[in-house]
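Under our numbering, the sequence shown has 404 at position 128, and the numbering climbs by one with no breaks.
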Amino acid sequence: MTGTRPDGIVSRTATAADAEEVLALIGARSGPEDVPEAEAAFIDGQDGFKRWLVAADGPRIVAVLALWEERVRVGETWLQAGQIDFVATASGYGRRGLMRGLIDEAHVRCAARRDALQIMLGIPYFYRQFGYSYTVPIPVTHEVPPDAKLEPPTGVLVRRATGDDLPALQALQEEAQRGADVAMPHSSHMWRWLMKAATVELRIAEEGGMPAGMSRLKRAPGAPDELVVAEVAAPTVEVARALLADARSLVGGSAISVVDRPAGALAHVLAEVGRHSYGGGADEYLIRVADPVVLLDALRPTLSARLNASAFGRGSGELLVSFYRRSAVLRYEGGAVTHVAAAPGEQAPVSEGGAGVPPDLVADLVFGPHGALELEATHADLNLGRQRALMETLFPPLRADILVFYID
277 MTGTRPDGIV SRTATAADAE EVLALIGARS GPEDVPEAEA AFIDGQDGFK RWLVAADGPR
337 IVAVLALWEE RVRVGETWLQ AGQIDFVATA SGYGRRGLMR GLIDEAHVRC AARRDALQIM
397 LGIPYFYRQF GYSYTVPIPV THEVPPDAKL EPPTGVLVRR ATGDDLPALQ ALQEEAQRGA
457 DVAMPHSSHM WRWLMKAATV ELRIAEEGGM PAGMSRLKRA PGAPDELVVA EVAAPTVEVA
517 RALLADARSL VGGSAISVVD RPAGALAHVL AEVGRHSYGG GADEYLIRVA DPVVLLDALR
577 PTLSARLNAS AFGRGSGELL VSFYRRSAVL RYEGGAVTHV AAAPGEQAPV SEGGAGVPPD
637 LVADLVFGPH GALELEATHA DLNLGRQRAL METLFPPLRA DILVFYID
């Protein structure tokens, strides 16, 4: 991808020679604490830089983003996805459409790969302009104070993980995500970068000489007493407590910031040690669905499983879901969604016996925590009509567990 704008700025795929400029821009705009992770991803073997898109004004890189390949599980169905990361525009170059051009190109690449969705996190509102919707809650970060009682349990040893531990770390995270309705694990290249980044440390807990849990630590450069603990995978309260006690010991007993993992042992430990929430308001991952029909067709195995387990399991029929400018028709029979087809949009789908879902709520309907019924109750233009029970069956509230490269 190479294109020259009227102002002479060139948009293109990054090259290895761009490393210094790219990392300097990320450091200037995102902060020095993000540079080591960006460096680990950019300088990855012979082609890490090929995942990056840049805008260059002569020799200077003035805008950048990275595009990762991801996989997202919904029920038992795996979807190919893209994740946009490390978005930065140089001071003085904003409001010129540079980032719009890079994001548009990223979406072209995602379409060529046949990604079913894109996922990211970012600054407020901005990415709504590119078709993203706030969808999946980001777990709350809590401060565990220095006086919290975190005596390490006997019989659990915590140490720094090495490359040899990688299969065990992946297995621990897989088990931690097993109960989630929606999950995005780390890809193989993401694990490589986590192992390489100077600000990241992976810790593994062992019980009886066997892997029992893990955590991901992030240190800010020049701030040895500041530590973020994330991605805690612990099957028991004892292992979760051991991982937090280990993290606090690494900063001399200072307070630590811990990213919660709801529905796991970590949440119980945070409650025990008198957690102190900070931050405020909702924070959510953004998801973009370019083609709802393609997405629903890819999800037929999961939709079929929900249908088969419901009162509709022995029925047959068609479900019209209008996105107003276009529609999808789902055919079902014998407990399976057998076909998903595109159809013209319906402005009044309820009068046609269908349901209406605005395009910007598709991501929440399919991946989010609300489900069809709550979305109808809170959005005037999402109408389920006579298909309310069937839509509730196919699109229930979901719990998600998402792992991303960036942690704050």
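Virtual Cβ for every residue (Gly too), placed ideally from N, Cα, C.
Inset, instruction - Ignore the nearest five residues each way along the sequence and tell me which others in Ala292's own chain have a CB closer than 7 Å to its CB. - result: As a working note, residue 292 is residue 16 in the sequence shown. Here the set comprises Phe325.
Inset, instruction - Work out the CA separation of Ala510 and Glu482 for me, nearest whole Å. - result: Counted from its first residue, the sequence shown places residue 482 at position 206. Counted from its first residue, the sequence shown places residue 510 at position 234. Straight across, the Cα-Cα distance linking Glu482 with Ala510 is about 11 Å.
Inset, instruction - Give the DSSP-derived three-state secondary structure of Val494 in the structure shown. - result: Here residue 494 corresponds to residue number 218 of the sequence shown, with the count starting at 1. For the sequence presented, residue 494 should be read as Lys rather than Val. In the three-state reduction of the DSSP assignment, Lys494 falls in the strand class.
Legend entry - Coil, strand or helix - Ile337 by DSSP: Stepping through the sequence shown from its first residue, residue 337 is reached at position 61. Correct three-state label for Ile337: strand.
Legend entry - Inter-residue Cα distance where the pair is Val535 and Val616: Counting from 1 along the sequence shown, the entry for residue 535 is found at position 259. Counting from 1 along the sequence shown, the entry for residue 616 is found at position 340. Val535 and Val616 have their C-alpha atoms some 39 Å from each other.
Inset, instruction - Use the C-beta contact count for Arg590: other C-beta atoms within 10 angstroms, 16 or more gives buried, fewer gives exposed. - result: Locating residue 590 in the sequence shown gives position 314, counting from the first residue. That one is exposed.
Inset, instruction - Specify, as a first and last residue, the run of the alpha helix (DSSP H) that Phe318 falls within. - result: Here residue 318 corresponds to residue number 42 of the sequence shown, with the count starting at 1. Per DSSP, Phe318 belongs to the alpha helix (DSSP H) from 311-318.
Legend entry - Backbone CA spacing between Val434 and Phe402 [nearest angstrom]: On the sequence shown, position 158 is the one that residue 434 refers to. On the sequence shown, position 126 is the one that residue 402 refers to. Approximately 41 Å between the Cα atoms of the pair.
Inset, instruction - Closer than 6 Å by C-beta to Glu594: which residues in its own chain qualify, once you throw out the five before and the five after it? Chain order, please. - result: What you label residue 594 is simply residue 318 of the sequence shown in a count that begins at 1. Correct list, in chain order: Val605, Arg607.
Legend entry - Residues of its chain near Leu686, where Cβ-Cβ distance is below 8 Å and the 5 sequence neighbours each way are ignored: Outside the displayed range of the chain (277 to 684) lies residue 686, so it cannot be described from this structure.
Legend entry - Start-to-end residues for the alpha helix (DSSP H) that takes in Leu526: In the sequence shown, the residue the question calls residue 526 occupies position 250. Its alpha helix (DSSP H) spans residues 513-526.
Inset, instruction - Apply the 10 Å Cβ neighbour rule to Pro312 and answer buried if 16 or more other Cβ atoms are within range, or exposed otherwise. - result: Residue numbering aside, residue 312 sits at position 36 when the sequence shown is read from its first letter. Classification for Pro312: buried.
Legend entry - Cβ-based neighbour list, Leu571, same chain, cut-off 6 Å, excluding 5 preceding and 5 following: Reading the sequence shown from its first residue, position 295 is the one you call residue 571. Cβ within range, chain order: Ala392, Val565.
Inset, instruction - Would you give the residue range spanned by the beta strand (DSSP E) that Phe362 belongs to? - result: By one-based count along the sequence shown, residue 362 stands at place 86. It spans 353-365 - the beta strand (DSSP E) in which Phe362 sits, taken as one unbroken run.
Legend entry - Residues that Arg537 bridges to, as DSSP identifies them: Your numbering for residue 537 matches position 261 in the sequence shown. Looking at the DSSP assignment, Arg537 forms no beta bridge with any residue, so it has no partner.
Inset, instruction - Look up Thr291 in the DSSP assignment and give the residues it is bridged to. - result: Looking up residue 291 in the sequence shown gives position 15. Per DSSP, none; premise fails for Thr291.
Inset, instruction - Give the secondary structure of Ile379 by DSSP, where H, G and I count as helix, E and B as strand, and everything else as coil. - result: What you label residue 379 is simply residue 103 of the sequence shown in a count that begins at 1. Residue state, collapsed to three classes: helix.
Inset, instruction - Note down the Cα distance separating Gly439 from Gln446, rounded to an integer number of angstroms. - result: Position 163 of the sequence shown, counted from the first residue, corresponds to residue 439. Position 170 of the sequence shown, counted from the first residue, corresponds to residue 446. Cα-Cα distance, rounded: 11 Å.
Legend entry - Inter-residue CB distance, Ser530 and Pro429 (contact presumed, cutoff 8 Å): Counted from its first residue, the sequence shown places residue 530 at position 254. Counted from its first residue, the sequence shown places residue 429 at position 153. Not confirmed; about 21 Å, so no contact.
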